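Written below as structure tokens is the structure these notes are about.
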Amino acid sequence: RLFLGGLEVQPEWDDAFDDRVQLILKSVRNLKGSLGSYLHLLVPAILALAEGSIAKSSGGRRTAVNVDIIRTLCVLLRSTDGKGGNSSTPTSLPARASQRLLEILSDA
Numbered sequence: 208r209l210f211l212g213g214l215e216v217q218p219e220w221d222d223a224f225d226d227r228v229q230l231i232l233k234s235v236r237n238l239k240g241s242l243g244s245y246l247h248l249l250v251p252a253i254l255a256l257a258e259g260s261i262a263k264s265s266g267g268r269r270t271a272v273n274v275d276i277i278r279t280l281c282v283l284l285r286s287t288d289g290k291g292g293n294s295s296t297p298t299s300l301p302a303r304a305s306q307r308l309l310e311i312l313s314d315a
């Protein structure tokens, strides 16, 4: 919970929050093999983060955070076997996540 709580979009999105988000995203990418059972929780949280970050985006450093968010989503979705990764991950997760990410990006 604490890990996912760190991904919640803050009303005041400052450089300190950017640093924390980038650290969490790097950790998720590095731990992807151990987090397979939690993809159904992680991917929606990262998508919500993407939505908030891209909506508040004004270039500069935020662009780097947005790229890290999308990179992390790609790593997580590629870590599944196309069938959802394991029995606790819904089989439609990669398709649903990709569809939502495309909607977020098209609204930007």
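Residues 208 to 315, numbered by the numbering used here, are exactly what the sequence shown covers, in order. Even for Gly, the Cβ is constructed at its ideal location relative to N, Cα and C. Every value quoted in this text rests on a predicted model; they were computed, and no experiment measured them.
Original post:
Grouping DSSP H, G and I as helix and E and B as strand, with all else coil, what is residue 263?
Top reply: coil
Original post:
What do you reckon, are the CB atoms on residue 221 and residue 272 nearer than 8 Å?
Top reply: no
Original post:
Since residue 226 is in the alpha helix (DSSP H), which residue starts that stretch and which ends it?
Top reply: 222-237
Original post:
Where residue 290 and residue 254 are concerned, what is the direct C-alpha to C-alpha distance, given to the nearest angstrom?
Top reply: Here residue 290 scores only 47 on pLDDT, less than 50, and its place in the model should not be relied on; the value that follows carries that caveat. About 20 Å.
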